[in-house]
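Per my numbering, residue 374 is the first one in the sequence shown, and the count goes up by one each step.
A virtual CB, placed ideally from N, CA and C, is assigned to each residue, including glycine.
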Amino acid sequence: MRLTALLPLLAAVPLVAFPAVATAAPGCFDPAAPLTVEEQRLTAALPAGGPAVGPELVRLAGLDPLVAEVKHDL
Numbered sequence: 374m375r376l377t378a379l380l381p382l383l384a385a386v387p388l389v390a391f392p393a394v395a396t397a398a399p400g401c402f403d404p405a406a407p408l409t410v411e412e413q414r415l416t417a418a419l420p421a422g423g424p425a426v427g428p429e430l431v432r433l434a435g436l437d438p439l440v441a442e443v444k445h446d447l
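Encoded structure:
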């Protein structure tokens with residue numbers, strides 16, 4: 374078997390052999406779960422009284438629509 378014929382087969386095996394993570398764990402978003410130290414830092418405001426760091430970085434990067442879509446999908 375030639376390598377060019379084998380590559381598509383190797384690429385397709387994981388798609389068939391393993392279920393998608395999102396469908397395997399339907400309840401993966403738990404708003405009651407405790408936050409990690411890193412997640413807690415994202416709500417800190419720098420400087421004091423300013424916007425929270427995490428949402429501000431997302432806004433400045435223009436990723437608001439992507440975050441809203443992922444949150445909706447969860």
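Per DSSP, the bridge partner or partners of residue i
| i | result |
| --- | --- |
| A418 | A425 |
C-beta contact flag for residue i and residue j at 8 Å
| i | j | result |
| --- | --- | --- |
| A417 | A425 | yes |
| H437 | V443 | At residue 437 the sequence reads Asp, which differs from the His that was named. No; because the gap between Cβ atoms is not below 8 Å, this pair is not in contact. |
Reduced DSSP secondary structure (H/G/I, E/B, other) of residue i
| i | result |
| --- | --- |
| L447 | coil |
| D437 | helix |
| L430 | helix |
Min CB distance residue i to chain B below 8 Å
| i | result |
| --- | --- |
| F402 | No chain B appears in this structure, which consists of one protein chain only. |
6 Å CB neighbourhood of residue i in its chain, flanking five on each side removed
| i | result |
| --- | --- |
| V440 | V431 |
| F402 | L447 |
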